[in-house]
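Shown next, in structure tokens, is the structure this report addresses.
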Amino acid sequence: MPKILVVDDLLSDCRIAGGLLTQDKAFSVVYASNGIDALDQLELHVPDLVLTDLQMPKMNGLELVQRIREDYPLIPTILMTAKGSEAIAIQAIEQGAASYVPKKRLATDLHETVRRVLAVSTEERSYTRLMHRVAETTFVLENDLTLLSTLVGQLRQDLEQRSFGTRNEAIRMATALDEAFHNAFYHGNLEVDSVLKEGNHDTFHELAIKLLSEPPYCDRRITVTARYPPADATFIIRDEGPGFNPDDLPDPTDPEYLERPSGRGLLLMRTFVDQIVFNNVDNEVTLIKHKHQEISQNKEV
Amino acid sequence: MKTSELYHAQLEGDVLILTLQSQAQNMAESAAISERQRLPSEYIRVAATHAVVDFNQLSYFTSMLLEALLQLWKSVEARNGRMALYNLAPIGREIISVSHFDRLWPICDTREQALQAVLADVPR
């Protein structure tokens, strides 16, 4: 039986909403008196849906929606709104609430709204659970920065949803992936040298744009494999260029090279992953991030 | 003064205040910023001596953006000016620090501190 957490500082309104939801025994209901209390309860027992008032002391409904969105992205929220708060309700929906029900229409609309939101949420949760069981996935992409950028976002989301570590850990990994994709795009497939940036950056970018439409550069692909064994996340990025020797790059932290454009991407990759390995022709890099045992904000699904 | 999808630029006295927009962390857009950074550099050449850069809207960024900042810094340095960064997220601070750019540009918490850092009458 789906469990609903009803949040309202007015006991009478709490009981009205709870009574409507339990009257045909379709749902079980637990209560919280404000946003802080609701977050405490979420720590103990994760409900299937949160139904919350908008105006409450300590933490209002809008703030609660944002926190649930960040910490429990798979739990849908529905707002109960009083007259005059429709604009805030729309803002809440923009920030992640699934729906809202005016308090004066609870008797007629609440049951159906909760049922509808739960149906969508159950489908999304099942899909997410299924996707979390994908142990390895491979993308073969054209040399296209927009696609690569979208993939960085997708892999970052995967890491967050797989409870791989803190949100910051996922961002650190995304930064390393971004740098690896950038290397594969410019220096691997297009064979454009960073030295060209030492004068005017335009020379570097104009050459890259020109080569994007010329064979063999235009036919080259970037292959990205993501593996999620229990203890690590491994990302293998391979371009179709002739490879380069990473040992030839200068140390960008050396004061002599600080203002030169080479080697900084590799430095950030090394900073943000636990292990980095190049293949023997240096057109494939493997980035490994160990799973950090502490704290994940997102709950397992 | 000037707004693009990558940055908003405004002048305060002879300080260029550059607010990076969230799209600047995106890899494709970061490539574009390298091309479009000539405009803020142009301000430095004609109207400003110093620059402060607001990172409030960026949760992270890549070396492409660092290189664009380096280009801007070269314009500032040519006018014997100073540059400071502010409102960086923890990962942004780490990126600047790992790259050792904090040796060139002080990292400040607020715009006021950044303005103070570039306008302070101390030997560089």
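Residue numbers (our numbering), protein chains in the order written: chain E, 1 to 301; chain H, 1001 to 1124. Glycine residues also receive a C-beta, built at the ideal position from the N, C-alpha and C atoms.
Going by C-alpha positions, E:R129 is about 10 Å away from E:Q161.
Annotation: the region 219-278 of chain E contains the following complete segments of the alpha helix (DSSP H) (minimum length 4 residues), in chain order: 264-272. For E:D48, the closest of E:G243, E:G188, E:L287 and E:S126 by C-alpha to C-alpha distance is E:S126. Secondary-structure assignment with DSSP links E:E142 through a beta bridge to E:R221. Judged by beta-carbon spacing, E:I16 lies beyond the 8 Å limit of E:V114, meaning their Cβ atoms are not closer than that value. Within its own chain, the residues whose Cβ lies closer than 6 Å to the Cβ of E:P252, once the five positions on either side in sequence are excluded, are G263, R264 and L267, listed in chain order. Proximity of chain E to H:P1106 at the Cβ level (cut-off 9 Å) is not reached, the minimal Cβ distance being about 15 Å. Between E:N245 and E:D282, the CB-CB gap stays under 8 Å.
A Cβ-Cβ distance of about 12 Å is found for the pair E:I68 and E:L51, leaving them out of contact under the 8 Å criterion. Residue contact with chain E for H:I1091: present (Cβ-Cβ distance below 8 Å to some residue of chain E). DSSP places E:V7 in the strand class (E or B) of the three-state scheme. Of the other Cβ atoms in all chains shown, fewer than 16 fall within 10 Å of the Cβ of E:T122; this residue is therefore exposed. E:N189 is a Cβ neighbour of E:E240, given a cutoff of 8 Å. Assigned with DSSP and collapsed to three states, E:M56 falls in coil, not helix or strand. Residue contact with chain E for H:H1100: present (Cβ-Cβ distance below 8 Å to some residue of chain E). Our two residues, E:L110 and E:Q157, have alpha carbons roughly 32 Å apart in a direct line.
E:A226 and E:D248 have their alpha carbons spaced roughly 28 Å apart. The beta carbon of E:K291 is closer than 8 Å to those of F164, G165, P230, A231, D232 and A233 in its chain, skipping five residues each way along the sequence.
As the crow flies, the alpha-carbon of H:E1077 is around 38 Å from that of E:I222.
With a contact defined as Cβ atoms closer than 8 Å, E:S194 and E:P261 qualify at about 5 Å. In chain E, no part has a C-beta under 8 Å from the C-beta of H:L1072; the shortest such distance is about 11 Å. Contact annotation: E:M269 and E:A176 have beta-carbon atoms nearer than 8 Å. Only those residues of the region 178-193 of chain E whose C-beta falls short of 9 Å from the nearest C-beta of chain H are listed: D178, E179, F181, H182, F185 and Y186. The continuous beta strand (DSSP E) containing E:I78 extends over residues T77 to T81. Contacts with chain H (Cβ-Cβ distance below 7 Å) from the region 249-267 of chain E involve P252, T253, L258, E259, P261, R264, G265 and L267, listed in chain order. Close to chain H, meaning a Cβ-Cβ distance shorter than 8 Å, are the following residues of the region 156-176 of chain E: N168, I171, R172, A174 and T175. In the structure shown, E:D202 adopts helical secondary structure according to DSSP, grouped into three states. Cβ proximity to chain E below 7 Å picks out S1059, Y1060, T1062, S1063, M1064, L1066, E1067 and L1070 from the region 1050-1070 of chain H.
Relative to the Cα of E:G96, the nearest Cα in the group E:L62, E:A119, E:L147 and E:Q23 belongs to E:L62. Listed along chain H is no residue with a C-beta nearer than 7 Å to that of E:K83; the closest approach is about 35 Å.
Sorting E:K58, E:F27 and E:S28 by C-alpha distance to the C-alpha of E:A38 places E:K58 at the top. Rounded to the nearest whole angstrom, the C-alpha separation of H:T1110 and H:L1088 is 9 Å.
At a cut-off of 8 Å between C-beta atoms, E:K289 does not count as an interface residue with respect to chain H. DSSP, reduced to helix, strand and coil, places E:P102 within a strand of the structure shown. With a threshold of 8 Å between beta carbons, H:I1096 makes no contact with chain E. Judged by their CB atoms, E:L44 and E:A180 are not nearer to each other than the 8 Å cut-off.
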